[in-house]
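Each step along the sequence shown adds one to the number in this note's numbering, with nothing skipped, and position 162 is 402.
C-beta: ideal position from N, C-alpha, C; glycine also.
Here the structure comes first, spelled out in structure tokens, and everything after it is commentary.
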Amino acid sequence: MMSKPVPVHGNVCDNLVMDFDTIIEIARHVHLIVNSATNTTFDERQIDLVFISYGKDQLPGFIGNPKIVLDIVPVGIVVNAIIEVMAKHGIVAKAQLHVYRITSSVINPISFRQLFDFACDHFISFPSLNSKQKKIKEFKYFSSMDKLFSYIRDETTQQMGLKDILSTLDSKLRL
241 MMSKPVPVHG NVCDNLVMDF DTIIEIARHV HLIVNSATNT TFDERQIDLV
291 FISYGKDQLP GFIGNPKIVL DIVPVGIVVN AIIEVMAKHG IVAKAQLHVY
341 RITSSVINPI SFRQLFDFAC DHFISFPSLN SKQKKIKEFK YFSSMDKLFS
391 YIRDETTQQM GLKDILSTLD SKLRL
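Below you can see the structure in the form of structure tokens.
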């Protein structure tokens, strides 16, 4: 390839969403078109599965700092917005200052804890149909894998009625 790749903004499909003459003109000047536009119908699930599992009492906790501020804009949309800005302002070929806010956490920040508090409130008000009619427990935050594994071990042994056996085994292993 003799020239660098050039970003083409917009939804890159079906004739580049351009008329035929424009496509031919671009093809004369651009040797490689990189499809980096976001093609989404928003059917892809990202964080939804975490909340659904929590609502069904299948996910009691998560590893993370509850005070961390989250940014829950899908990364594909952020990347597409950056490419759009490059396409709009890059053609001028001189230094300019343009500020675009693509994230959600700057103006209305939400913490990890707030997000799961909202989820807890929702599932208390509207229980999941597949839940066992148990009250939703407060979400637990684990600061390390060791703490998560200890919690899983303790919960599993309690549910299986093995608590006495495990405590005896633990004391023998520590000798």
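For residue 252, three-class secondary structure by DSSP: Numbered from 1 along the sequence shown, position 12 holds the residue referred to as residue 252. Legend: pLDDT at residue 252 = 49, less than 50; position of this residue unreliable, value from coordinates given subsequently. Coil at residue 252, not helix or strand.
Beta-bridge partners of residue 381, as assigned by DSSP: As a first step, residue 381 must be located in the sequence shown, where it is residue number 141. Answer is 302, bridged to residue 381.
Separation of residue 295 from residue 365, as counted between CA atoms: On the sequence shown, residue 365 is found 125 positions in, with the first residue counted as 1. On the sequence shown, residue 295 is found 55 positions in, with the first residue counted as 1. Counting only the Cα atoms, residue 295 lies some 11 Å from residue 365.
Residue 263 versus residue 327: straight-line alpha-carbon distance, rounded: Taking the first residue of the sequence shown as 1, we reach residue 263 at position 23. Taking the first residue of the sequence shown as 1, we reach residue 327 at position 87. Distance between the alpha carbons of residue 263 and residue 327 is about 16 Å.
Three-pair Cβ contact test at 8 Å for the stretch 348-364 versus the stretch 301-309: Yes: at least three Cβ pairs fall under 8 Å.
Distance between residue 379 and residue 397 (C-alpha atoms, nearest Å): Within the sequence shown, numbered from 1, the residue matching residue 397 stands at position 157. Within the sequence shown, numbered from 1, the residue matching residue 379 stands at position 139. One C-alpha to the other measures close to 20 Å.
Sub-8 Å separation of residue 331 and residue 312 beta-carbons: As a working mapping, residue 331 is identified with position 91 in the sequence shown. As a working mapping, residue 312 is identified with position 72 in the sequence shown. Using a Cβ distance threshold of 8 Å, residue 331 and residue 312 do not count as a contacting pair.
Through-space distance from residue 368 to residue 382, alpha-carbon basis: Indexing the sequence shown from 1 puts residue 382 at position 142. Indexing the sequence shown from 1 puts residue 368 at position 128. If I take the Cα positions, the gap works out to 25 Å.
First and last residue of the uninterrupted alpha helix (DSSP H) at residue 365: In the sequence shown, the residue the question calls residue 365 occupies position 125. Where residue 365 is concerned, the enclosing alpha helix (DSSP H) stretches over 352-365.
Same chain, Cβ closer than 6 Å to residue 384, five either side skipped, listed in chain order: For this step, residue 384 is matched to residue 144 along the sequence shown. If we look at residue 384 and ignore the five residues flanking it on each side, it has no Cβ neighbours.
Under the three-state DSSP convention, the category residue 318 falls into: One-based indexing of the sequence shown puts residue 318 at position 78. Helix at residue 318.
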